[in-house]
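Chains as they are written, first to last, in the numbering used here: chain A, 1 to 76; chain B, 77 to 375.
Structure, rendered in structure tokens:
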């Protein structure tokens with residue numbers, strides 16, 4: 001799936017990912033390929049991105065995630 | 077001649093002033109480019125927020141009410157005044173201050189008399205004005221621009237939103253210079269809170285309404301939960317954008333002001349040089365005529 005992690009001053013991540021773990025405000029969850037359309041709010045925590053080359057972690061201060069059409073956008 | 081010396085001194089001082097204004101213009105041009113870059117960087121973020129708001133809009137019933145939209149009797153007003161820290165940028169700061177004052181005079185005269193208007197000043201110039209005026213200035217972020225980034229803007233945004241939610245203020249207005257291009261600033265006053273649902277979308281590009289199929293979204297944790305995250309985010313982004321815009325506009329305004337100053341100095345120099353040469357010529361002519369006169373007297 002295509003993943004983007006955007007903050008107001010920069011793009012933290014953009015590209016293919018196999019999965020992403022997110023700190024949802026009701027508990028953390030993971031989005032995998034072809035997830036159903038969803039909008040979820042996030043709390044402060046770590047976003048873990050899994051790609052075929054390995055995984056990366058980003059700290060965010062709350063935000064929102066939208067996914068649909070195998071596109072995931074994290075606004076932090 | 078004494079006059080000759082005076083003119084020479086003036087030429088020297090004018091040309092050094094010109095050097096300074098020219099340098100300031102170049103510095104502003106560079107800073108403008110940087111500030112514009114920051115605006116460009118913020119754009120995808122604003123766009124995505126708009127897109128999400130747009131797709132939410134299809135699902136939101138219009139009677140959803142969040143605390144951010146609550147319209148209360150106007151007891152306390154907060155003005156967020158965005159100016160620059162430094163002067164020498166034409167009417168940039170004066171215009172913001174003037175607009176703020178005129179809004180107060182028009183709509184909030186009584187609040188002003190009762191001291192119920194609070195100012196949050198970004199930039200030293202606005203603070204200088206309002207702290208010396210009879211208005212009540214609360215806690216202020218005076219020289220914010222020295223270490224300004226998205227985080228500080230968002231923190232202040234959070235503060236503003238919290239004071240609104242705590243009912244210590246009933247309306248928040250932002251007055252700033254919107255950046256159009258290097259030579260043009262659009263003076264803007266925006267209502268930040270209470271939120272008007274229709275105007276929620278950030279004024280950056282109109283959200284592209286692609287003819288996408290209506291998606292059946294899962295909302296986690298529910299529509300209200302999403303809105304209570306999304307609305308503050310939007311507000312903070314709006315504030316951040318206002319500040320970035322003002323920053324770019326400031327450098328643009330300064331660039332134009334300094335360009336004009338350089339031109340004026342050039343013109344002044346031209347006329348001074350003319351004056352200098354005339355005086356020099358007159359002195360030479362007189363000297364020659366004195367010599368000729370002296371020689372004639374001897375002969």
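Beta carbons are placed, not taken as given, at the ideal position from N, Cα and C, and that holds for glycine.
In this structure, residue 31 of chain A sits away from residue 42 of chain A, with a CB-CB distance that is not shorter than 9 Å.
Of the other Cβ atoms in all chains shown, fewer than 16 fall within 10 Å of the Cβ of residue 106 of chain B; this residue is therefore exposed. For residue 53 of chain A, no beta strand (DSSP E) run applies, since DSSP gives it neither H nor E. For residue 127 of chain B, the nearest beta carbon of chain A is closer than 9 Å to its own beta carbon.
The C-alpha of residue 128 of chain B lies about 7 Å from the C-alpha of residue 66 of chain A.
Relative to residue 152 of chain B, the option among B:307, B:342, B:326 and B:244 whose CA is nearest is B:244.
Boundaries of the alpha helix (DSSP H) around residue 233 of chain B: 226-241. Under the 9 Å criterion on CB atoms, residue 58 of chain A is classed as non-interfacial with respect to chain B. Assignment of residue 293 of chain B by DSSP, reduced to helix, strand and coil, places it in the coil class. The beta carbon of residue 295 of chain B falls within 9 Å of a beta carbon belonging to chain A, placing the residue at that interface. In the structure shown, the three-state DSSP call for residue 38 of chain A is strand. Identification of chain B residues near residue 40 of chain A by a Cβ-Cβ cut-off of 7 Å yields 296, ordered along the chain.
Counting along the chain, the unbroken alpha helix (DSSP H) around residue 365 of chain B starts and ends at 298-374.
Boundaries of the alpha helix (DSSP H) harbouring residue 207 of chain B: 200-208, taken from the DSSP string. Nearest to residue 20 of chain A by C-alpha distance, out of A:44, A:10 and A:4, is A:4. Secondary structure note for residue 251 of chain B: its beta strand (DSSP E) is the uninterrupted segment 247-257.
Interface criterion not met: the Cβ of residue 17 of chain A is under 9 Å from no Cβ in chain B.
Rounded to whole angstroms, the gap between the alpha carbons of residue 327 of chain B and residue 108 of chain B is 5 Å.
Rounded to whole angstroms, the gap between the alpha carbons of residue 264 of chain B and residue 38 of chain A is 36 Å.
Secondary structure at residue 271 of chain B: coil, using DSSP grouped into helix, strand and coil.
Residue 255 of chain B is a Cβ neighbour of residue 111 of chain B, given a cutoff of 9 Å.
Of the residues B:132, B:360, B:98 and B:250, the one whose Cα lies closest to the Cα of residue 68 of chain A is B:132.
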